[in-house]
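Worksheet: the structure to be examined is printed underneath.
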């Protein structure tokens, strides 16, 4: 069975999704989702263990050798991303049960879980496939199910934001498929390895730079790079809490992974950075994203929206790392994918638990909650410390690599800006802390209690991970460093 | 028990103590027992590490590897030993004092107070024993965060405002400057370890050294070099035991300790002395020495808040340490290390006295102190000893450290530093002596309207004697230590000399 793990990672959830819909009972469908998610976690863990030390796993779908068949290729980068997705997916699905009961209509819950599993399938598929068209297919699977998930939010504005996301997401996907089509037209292959071999011969033609440009814009939309991020704040704000936690922690990371895959494996670092000079575009955009979105986050009164803007800023950190095109910079970007998933997952889960009890995520409504919901608010504060980058949290590890990367290249102003924006994170996290701990409870309902264990335990699992991988980051930064060297080495 | 084990225990004991305090929170007597026992055990542990360090040992423990190549590790060297020893020695005394103070003033949330205190001590020990810059930074930040609830203990609007200044300055300097300096050092040298003679020599030259030095000196906001000193007066809203142990000893000494540590073990004295861009530190710290004293003098002239005056005196005294380190000669660096001890004993005594006055008489302003020496002879006697140490006169410990600093200034021909030291001595005398004079030689005002409303109605011009006995005992002990340091400076002096490589 071990040799079939690459396909089983994706196939099992793919089959589980219709099963969850057909069973049509909230609890049963949830159990299916739990089973599928934990299977994915097990499989992704197995794959990650196998690729240690630079091994690459290849799997020919249906035993059809490429280029006829679709090939799955798993190296350190893909296994790491699949593991992030599966791990967050497993924690989030446990969290989802109580949260979804409250936020989604009962008769829609089975369909909700079906869409949830599909979204997970798509994200896992993107991370393990070695075929560019297959990337597009999985991208659509994950995106379409995500639109559905977001639309199930309680607030009616969820529909509008889902539609907004649908339009922008589809534009992005179209750009990506155009890029893929152009490459196929020039090379006659969709397999990443073959593409990497054949592209150099046709690089001088204008079509390839055009394909690159289409892809770059498409990815930027999908990963919400400033100024193509406009879909994100609304989508995160109005989606059901569990969905926000899941999507925020995984979807944009996978989009960053796609970009890394295409830029480094398919086109090669030399083409992307020396010829197309994509760093000249990405670095300023990343810096603007980091700074302006942190600033915007400070002025939000809706905590979910505040965290959403913070996400756009954090994506800026990843893109900044990518644009350095150095081992340290890429390590920073890859390790931050994992770290940001942990911190944002925990933050959105904590705020979801607040919503579960008080039905609001406004800062004013959270006054005095530190006493009413001590465990929930403590988890918010700890995850907030991680977002700020306090030492012993994962956020510190990311900052360390990112700033080292900037200083290695002599990018002084960049290093300073990264530090300044960490301080801006202090300001917006602090606003919540001050409301929760230093103001008196203002609500009418005095019976508010701590959130149920079904929400607290998954949240705290992520908090523990935030600190564990912040104190001993040898595993995460080791894998990320290996992945970075592999990407830069050009070996696909 | 091996020394390595003891080092880990020195970190673990106060941490476990914090849990113990949390568990026994419902029973105040038991809780206070836990605090005192924990403090006592810590003192024994830290004390039993001293002989090995004096014998030249540099025990090391790696706690955990953080990222490939960088570990959280502990290493004890003479300077860390001095700092840890001072913190461990004063914690039990301060706990005794805290019990008297917190109960005497009916403070709320005492359990939280003692927990945070224990965590703060644990992180101070962590800073003292840190084996590299990253470990230092980790504990430095934990110290900042754990002392915040202590600063804002009263929970009033003023306390919250002060808390924001406190966190704002300490976090922004440490993240914005210190972290940048640490990562830059790492990028330059590929190492974050502390090494005798420094690690930077040969990796960076010229004016950039001055820039890097500035990142460290102003990044270590806890050392309160102007203009990043404002958090310290702000922190005075805290209950007095906090001001005494944390804002005269643990937190601020963590600052100047880090400064000396970075100067000696990251840059290296010889390296700094050879570079051209590093002379500014003498001016920056010298300015702080004088300006801090001048502000303190102004507070005295306007008969302002006593604790505020002591805070500015601390700002000034901290920069003595930086100034001494900034001469980049061994003799002065030894003086810097000694001054960490001398100032700790003296200043904690002064704060204890201020808190004692507040507890017994509910007086906080200098103007209310006339004649109080007759009602509270022990308190004001101890205050006088502490003041002597600040001025730097025998028979107080402050004389010893000033002596070595002056020797260092002569040796390195820093006549400006000499002038600053003399001027500052005069300024210190100018704002401490009048208080002692007021307390002992002026008559108490019978019904001064200033404190009828100020100190609470039932405490107007009432008859009060000394503060509760734990307070009096504590301040007598620290005053005694201040004097003892003058007569028996053996251990700290030996450690200070070992720091700079001289034979003891």
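Chains as they are written, first to last, in this note's numbering: chain A, 1 to 492; chain B, 493 to 996. For each residue, glycine too, the CB sits at the ideal point set by N, CA and C. Since the model is a prediction, treat every value here as computed from it, not as a measurement.
Are the region 591-608 of chain B and the region 978-991 of chain B touching, with three or more C-beta to C-beta distances below 8 Å?
-> By the Cβ criterion, the region 591-608 of chain B is not in contact with the region 978-991 of chain B, since fewer than three pairs of Cβ atoms, one from each stretch, lie closer than 8 Å.
Using beta-carbon positions only, say whether residue 283(A) and residue 228(A) come within less than 8 Å of one another.
-> For this step, residue 283(A) is matched to residue 283 along the first chain. For this step, residue 228(A) is matched to residue 228 along the first chain. No, Cβ-Cβ distance for residue 283(A) and residue 228(A) is not below 8 Å.
Own chain, CB closer than 7 Å to residue 712(B), minus 5 neighbours either side, in chain order = The residue you call residue 712(B) lines up with position 220 of the second chain. Excluding sequence neighbours, residue 712(B) sits near 670, 747, 750, 751.
With C-beta atoms as the reference, is residue 91(A) less than 8 Å away from residue 458(A)?
-> Taking the first chain and counting its residues from 1, the one referred to as residue 91(A) is at position 91. Taking the first chain and counting its residues from 1, the one referred to as residue 458(A) is at position 458. For residue 91(A) and residue 458(A), yes; Cβs fall inside 8 Å.
Exposure of residue 131(A), with buried meaning 16 or more beta-carbon neighbours within 10 Å | Counted from its first residue, the first chain places residue 131(A) at position 131. The residue in question, residue 131(A), is buried, as its Cβ has 16 or more Cβ neighbours within 10 Å.
Skipping 5 residues on each side, what residues in its chain have a beta carbon closer than 6 Å to that of residue 333(A)?
-> For the purposes of this step, residue 333(A) is taken as residue 333 along the first chain, with counting starting at 1. Excluding positions up to five away in sequence, the list reads 318, 321, 322.
In angstroms, rounded to a whole number, what distance separates the CA positions of residue 291(A) and residue 417(A)?
-> As a first step, residue 291(A) must be located in the first chain, where it is residue number 291. As a first step, residue 417(A) must be located in the first chain, where it is residue number 417. Their backbone Cα atoms lie some 8 Å apart in a straight line.
Since residue 235(A) and residue 341(A) are thought to touch, with beta carbons under 8 Å apart, how far apart are those beta carbons, to the nearest angstrom?
-> The count along the first chain starts at 1 and reaches residue 235(A) at position 235. The count along the first chain starts at 1 and reaches residue 341(A) at position 341. 17 Å between Cβ atoms; not a contact.
Can the beta-carbon of residue 811(B) be found less than 8 Å from the beta-carbon of residue 781(B)?
-> By 1-based counting over the second chain, the position of residue 811(B) is 319. By 1-based counting over the second chain, the position of residue 781(B) is 289. Yes, they are a contact pair.
What are the partner residues of residue 447(A), as DSSP defines its beta bridges?
-> In the first chain, the residue the question calls residue 447(A) occupies position 447. Answer by DSSP bridge pairing: none, since residue 447(A) is not bridged.
Residue 537(B): beta carbon under 7 Å from a heavy atom of the ligand SAH?
-> Judged by which ligands are present, the structure shown has none, so any question about the ligand SAH falls away.
Starting from residue 560(B), find everything on chain A with Cβ-Cβ shorter than 8 Å and list it in chain order.
-> For this step, residue 560(B) is matched to residue 68 along the second chain. Correct list: 474, 477, 478, 481.
Who are the Cβ neighbours of residue 164(A) in its own chain at under 8 Å, not counting the five residues just before and after it?
-> Looking up residue 164(A) in the first chain gives position 164. The answer, listed in chain order, is 230, 231, 234, 235.
Can you tell me whether DSSP reads residue 362(A) as helix, strand or coil?
-> To locate residue 362(A), count along the first chain from 1; it is residue 362. Three-state DSSP puts residue 362(A) in a strand.
Using beta-carbon positions only, say whether residue 582(B) and residue 825(B) come within less than 8 Å of one another.
-> For this step, residue 582(B) is matched to residue 90 along the second chain. For this step, residue 825(B) is matched to residue 333 along the second chain. Cβ distance not < 8 Å, so residue 582(B) and residue 825(B) don't count as in contact.
Using a Cβ cut-off of 7 Å, pull out every chain D residue sitting near residue 633(B), in sequence order please.
-> Absent here is chain D; the protein component of the structure consists of chains A and B.
In angstroms, rounded to a whole number, what distance separates the CA positions of residue 255(A) and residue 214(A)?
-> Residue mapping note: residue 255(A) aligns to position 255 of the first chain, counting from 1. Residue mapping note: residue 214(A) aligns to position 214 of the first chain, counting from 1. Roughly 15 Å separates the two Cα atoms.
Give, in chain order, every unbroken run of the alpha helix (DSSP H) that is at least 4 residues long and sits entirely within the region 626-678 of chain B.
-> 649-665
7 Å Cβ cut-off: residues of chain B touching residue 415(A) = Against the first chain, residue 415(A) aligns to sequence position 415. Near residue 415(A) (Cβ distances below 7 Å), the residues of chain B are 672.
Could you name each continuous beta strand (DSSP E) segment of 3 residues or more that falls completely within the region 62-129 of chain A, going from the start of the chain to the end?
-> Segments of the beta strand (DSSP E) lying fully in the region 62-129 of chain A: 71-74.
Beta-carbon contacts of residue 703(B) that lie in its chain and below 8 Å, excluding the five residues immediately before and after = In the second chain, the residue the question calls residue 703(B) occupies position 211. Within the same chain, residue 703(B) has close Cβ partners 769.
Can you tell me the Cα-Cα spacing of residue 335(A) and residue 157(A), whole angstroms?
-> Within the first chain, numbered from 1, the residue matching residue 335(A) stands at position 335. Within the first chain, numbered from 1, the residue matching residue 157(A) stands at position 157. Roughly 34 Å separates the two Cα atoms.
Taking a Cβ distance cut-off of 7 Å, strictly less, list which residues of the region 653-680 of chain B are near chain A, in chain order.
-> 663, 664, 667, 668, 671, 672, 675, 676, 678, 679
Return yes when the Cβ of residue 863(B) is within less than 8 Å of the Cβ of residue 736(B), no when it is not.
-> Translated into the one-based positions of the second chain, residue 736(B) becomes position 244. Translated into the one-based positions of the second chain, residue 863(B) becomes position 371. Cβ distance not < 8 Å, so residue 736(B) and residue 863(B) don't count as in contact.
Minimum C-alpha distance to residue 191(A) - residue among 30(A), 168(A), 266(A), 473(A) | Counted from its first residue, the first chain places residue 191(A) at position 191. The residue with the shortest Cα to Cα distance from residue 191(A) is 266(A).
For my contact list, residue 93(A) and residue 127(A) are in at a C-beta cut-off of 8 Å; report their separation, rounded to the angstrom.
-> Here residue 93(A) is taken as the residue at index 93 of the first chain, counted from 1. Here residue 127(A) is taken as the residue at index 127 of the first chain, counted from 1. So it is not a contact: roughly 18 Å between Cβ atoms.
Would you mind sorting residue 404(A) into buried or exposed? The rule is 16 or more other CB atoms within 10 Å of its CB.
-> Locating residue 404(A) in the first chain gives position 404, counting from the first residue. Buried is the call here.
Using a Cβ-Cβ distance under 8 Å, would residue 408(A) count as near chain B?
-> Within the first chain, the letter at position 408 stands for residue 408(A). Yes, because at least one Cβ of chain B sits closer than 8 Å to the Cβ of residue 408(A).
List the residues of chain B whose Cβ lies closer than 7 Å to the Cβ of residue 426(A), in chain order.
-> Start at 1 with the first residue of the first chain, and residue 426(A) comes out as number 426. By Cβ distance, chain B contributes 663.
Does any CB atom of chain A fall closer than 8 Å to the CB of residue 697(B)?
-> In the second chain, residue 697(B) corresponds to position 205, counting from 1. So no, residue 697(B) is outside the interface.
If residue 95(A) and residue 245(A) are in contact, beta carbons under 8 Å, what's the gap, nearest whole angstrom?
-> Taking the first chain and counting its residues from 1, one reaches residue 95(A) at position 95. Taking the first chain and counting its residues from 1, one reaches residue 245(A) at position 245. So it is a contact: roughly 7 Å between Cβ atoms.
Count the other CB atoms, across all protein chains shown, that sit within 10 Å of the CB of residue 82(A); report buried if there are 16 or more and exposed otherwise.
-> By 1-based counting over the first chain, the position of residue 82(A) is 82. So residue 82(A) ends up on the buried side.
Cβ atoms of residue 138(A) and residue 125(A): under 8 Å apart, would you say?
-> Stepping through the first chain from its first residue, residue 125(A) is reached at position 125. Stepping through the first chain from its first residue, residue 138(A) is reached at position 138. Yes, the pair counts as a contact, with Cβ atoms nearer than the cut-off.
Please go through the region 771-795 of chain B and give each complete alpha helix (DSSP H) segment of 4 or more residues, from N-terminal end onward.
-> 772-793
Is there at least one Cβ from chain A nearer than 8 Å to residue 946(B)'s Cβ?
-> For the purposes of this step, residue 946(B) is identified with residue 454 of the second chain, where counting begins at 1. In this prediction, residue 946(B) scores a pLDDT of 41, lower than 50, which makes its location untrustworthy; the coordinate-derived value is nonetheless stated afterwards. No, no contact with chain A.
May I ask you to verify whether the region 725-733 of chain B touches the region 686-694 of chain B, counting CB pairs closer than 8 Å and requiring at least 3?
-> With fewer than three CB-CB distances shorter than 8 Å, the region 725-733 of chain B does not count as touching the region 686-694 of chain B.
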